[in-house]
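Peer 1:
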Amino acid sequence: MSERLKSGTMALDASTRNLGFAVDVIGRTMPMYGLYTLPGISDRGLLYQRVVDTMEELVMKYNPERFIFATAFYDKVQTAARALNGVQAMIEFVAANCNILVIECIENIARKRVLGHVNFGKRDERTGKLIPGSGRKGAKNAVMAWADRRGYNPTSDDVADALLLLEYDRLVRTTNFASS
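Heads up, the sequence shown is in the working numbering, so the first residue is 106 and it goes up one at a time.
1) If you measure between the beta carbons of alanine 201 and asparagine 190, is that distance less than 8 angstroms?
2) Three-state secondary structure (DSSP) at alanine 247?
3) Below 8 angstroms on the Cβ atoms is my contact criterion, and I expect valine 264 with glycine 132 to pass it. Report the Cβ-Cβ distance as a whole number of Å.
4) Roughly how far, in whole angstroms, is the beta-carbon of leucine 163 from the beta-carbon of methionine 115, given that I think they are within contact range, below 8 angstroms?
5) With distances taken Cα to Cα, identify the nearest neighbour of asparagine 204 among Val223, Glu161, Gly243, Gly221.
6) For glycine 221, count neighbouring Cβ atoms within 10 angstroms of its own Cβ and tell me buried if that reaches 16, exposed if not.
7) Taking the beta strand (DSSP E) that methionine 115 falls in, what are its first and last residues?
8) Quick one: what's got a C-beta closer than 8 angstroms to glutamate 170's C-beta in the same chain, skipping five residues either side?
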């Protein structure tokens, strides 16, 4: 039987295809982190079951006191939005069953607090205005670079995002100031 660890915060970056996690384990200086692959939205029942199974496995291994994840941002794809809403509901379901506190945050606030800015978009050379949708890749690259500089070397942007959320949680808890 594997060792059951004791943890404070478990940060989660959940989508319908991947679940990145990072966790502060008591007694260790570096967080533990990883990635689980999820089945996608073609069978939402299977997706939700896999999320529950994954979360229960993580809880059994790391025994966290709290989860933190970024509130889902929905654009025009309603099927994906519905599925992602379900993924987050399953995380909250496991948290409720295991008496784990859930903290939701806004991803841009977390990025601003940890990275110092949130504007990663490209500007139109003629107008100087941000090009809609151009910031997503820049934000992912900035988070990956931040995680690499910290020595984490994440395997995906999902893991890097979870590590950033974990750092945000640390900052909020040590400064008692969540929004700046």
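C-beta atoms are modelled at their ideal positions from N, C-alpha and C, and glycine is treated no differently. Nothing here was measured: the structure is a model prediction, and the numbers come from that model.
Peer 2: Result, derived from the coordinates:
1) The residue you call residue 201 lines up with position 96 of the sequence shown. The residue you call residue 190 lines up with position 85 of the sequence shown. It is not a contact, given that the beta carbons lie outside the stated cut-off.
2) Locating residue 247 in the sequence shown gives position 142, where the first residue counts as 1. Looking at alanine 247 - three-state DSSP - the assignment turns out to be helix.
3) In the sequence shown, the residue the question calls residue 264 occupies position 159. In the sequence shown, the residue the question calls residue 132 occupies position 27. Not confirmed; about 22 angstroms, so no contact.
4) Counted from its first residue, the sequence shown places residue 163 at position 58. Counted from its first residue, the sequence shown places residue 115 at position 10. Contact flag correct, Cβ pair sits at about 7 angstroms.
5) Locating residue 204 in the sequence shown gives position 99, counting from the first residue. If we check each option's Cα against that of asparagine 204, Glu161 comes out closest.
6) As a working note, residue 221 is residue 116 in the sequence shown. In summary, glycine 221 is exposed, with fewer than 16 beta-carbon neighbours lying within 10 Å of its beta-carbon over all protein chains present.
7) For the purposes of this step, residue 115 is taken as the residue at position 10 of the sequence shown. Looking at the DSSP string, the run of the beta strand (DSSP E) that includes methionine 115 is 112 to 119.
8) By 1-based counting over the sequence shown, the position of residue 170 is 65. The residues are Ser112, Gly113, Thr114, Ile205, Leu206.
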